[in-house]
Amino acid sequence: MTYPIFNSVINRIEDDLHNREISINTFRTWNEDRINATGLEIEIDLRRSSDFIKALSINLDWDRFRETVLAKQLEGMEEHPFLQEKHMVSTSISPDIDIEITWLFNEKAHHHKLAAQNGYHKVEAASLWMEEITRKVNDLLADDDIITRWHVEVEGTKSGKYLSAVNLISYFQYTLVDLTSLNQVHQFVLKILHELLVKSNKVIKSAEQTLESQVAA
Numbered sequence: 000m001t002y003p004i005f006n007s008v009i010n011r012i013e014d015d016l017h018n019r020e021i022s023i024n025t026f027r028t029w030n031e032d033r034i035n036a037t038g039l040e041i042e043i044d045l046r047r048s049s050d051f052i053k054a055l056s057i058n059l060d061w062d063r064f065r066e067t068v069l070a071k072q073l074e075g076m077e078e079h080p081f082l083q084e085k086h087m088v089s090t091s092i093s094p095d096i097d098i099e100i101t102w103l104f105n106e107k108a109h110h111h112k113l114a115a116q117n118g119y120h121k122v123e124a125a126s127l128w129m130e131e132i133t134r135k136v137n138d139l140l141a142d143d144d145i146i147t148r149w150h151v152e153v154e155g156t157k158s159g160k161y162l163s164a165v166n167l168i169s170y171f172q173y174t175l176v177d178l179t180s181l182n183q184v185h186q187f188v189l190k191i192l193h194e195l196l197v198k199s200n201k202v203i204k205s206a207e208q209t210l211e212s213q214v215a216a
């Protein structure tokens with residue numbers, strides 16, 4: 000199954016990231032015809048710019064129904080393959096794009112004060128800085144109607160428990176309902192991508208300040 004509108008957006012995003020000379024670990028699309036869904040996965044390498052966060056992941060989710068609604072809405076889309084089908088999808092869904100941002104923290108703690116014996120994040124120490132980062136992120140993103148949560152993986156040894164993975168995840172949603180041309184879609188998506196990168200950088204700086212203060216305490 001092909002998604003001409005979404006695929007054109009992907010191409011514009013790829014060009015934009017290349018022009019910004021951003022270090023990319025992963026840039027891949029996925030399609031799951033069984034559930035009529037598609038998406039884009041981007042992972043930006045942060046290891047050279049941050050001591051605490053190794054990567055930023057950006058996932059865009061899309062589907063057949065939103066593609067169809069948007070094709071009906073945009074000028075010049077009469078030949079869109081989804082509009083040529085004999086039994087065209089009929090839906091009242093809004094053409095919204097879902098974007099998931101994940102900050103992937105380093106598996107190993109940056110300082111021994113925050114680390115278990117094996118070097119991974121000590122659960123007790125991590126709970127303190129995670130709570131502080133959550134409060135700061137909620138303040139930073141207060142104007143966005145979003146959900147933010149932590150994903151952690153807890154493991155244990157005889158000497159105690161530790162975190163083998165620490166990720167902070169925020170979910171954003173943007174509507175494309177007022178757009179009337181493919182060019183407007185491109186401009187809008189690039190605009191929100193830029194805004195998300197700026198917000199992500201603020202979260203990274205805030206998280207680094209929190210972790211540095213925990214080390215200094």
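Position 101 of the sequence shown, counting from 1, maps to 100 under numbering that gives the first Met the number 0, and the rest follow consecutively. Backbone N, C-alpha and C fix where the C-beta goes; we use that ideal spot for every residue, glycine too.
By the 10 Å Cβ neighbour count, where 16 or more other Cβ atoms means buried, how is residue i classified, buried or exposed?
i: Ser-199; result: buried
i: Val-153; result: exposed
i: His-79; result: buried
i: Trp-29; result: exposed
i: Ala-215; result: exposed
i: Ile-9; result: buried
i: Lys-121; result: buried
From which residue to which residue does the beta strand (DSSP E) around residue i run?
i: His-79; result: Premise fails: His-79 is in no beta strand (DSSP E) and is neither H nor E.
i: Asp-44; result: 36 to 44
i: Ser-56; result: 52 to 62
i: Arg-27; result: 23 to 31
Out of curiosity, what's the CA-to-CA distance linking residue i and residue j?
i: Ile-146; j: Trp-102; result: 14 Å
i: Asn-6; j: Val-184; result: 12 Å
i: Glu-66; j: Pro-94; result: 7 Å
i: Ala-115; j: Leu-210; result: 15 Å
i: Leu-206; j: Phe-26; result: Note that residue 206 is Ala in the sequence shown, not Leu. Cα to Cα, Ala-206 sits roughly 25 Å from Phe-26.
i: Thr-2; j: Glu-77; result: Per the sequence shown, the amino acid found at residue 2 is Tyr instead of Thr. Their Cα atoms are separated by approximately 14 Å.
i: Asp-143; j: Glu-194; result: 12 Å
i: Lys-107; j: Ile-43; result: 19 Å
i: Asn-166; j: Ile-57; result: 13 Å
i: Thr-174; j: Ser-91; result: 14 Å
i: Ile-203; j: Ile-4; result: 32 Å
i: Asp-97; j: Ile-12; result: 15 Å
i: Ala-54; j: Lys-201; result: 14 Å
i: Asp-15; j: Gly-159; result: 46 Å
I'd like to check one pair, residue j with residue i: are the Cβ atoms closer than 9 Å?
i: Glu-222; j: Asp-60; result: Look at the range of the chain in this structure, 0 to 216, and you will see that residue 222 is not part of it.
i: Tyr-229; j: Leu-162; result: Nothing can be reported for residue 229, as the shown portion of the chain is limited to 0 through 216.
i: Ser-169; j: Leu-189; result: no
i: Ile-52; j: Ile-41; result: no
i: Leu-113; j: Gln-208; result: no
i: Leu-39; j: Leu-178; result: no
i: Asn-105; j: Thr-156; result: no
Which first and last residues belong to the alpha helix (DSSP H) in which residue i is found?
i: Arg-244; result: With the chain running from 0 to 216 in the structure shown, residue 244 is simply not present.
i: Thr-209; result: 181 to 215
Those runs of the beta strand (DSSP E) which lie wholly inside the segment 78 to 163 and span at least 3 residues: 95 to 104 and 146 to 156
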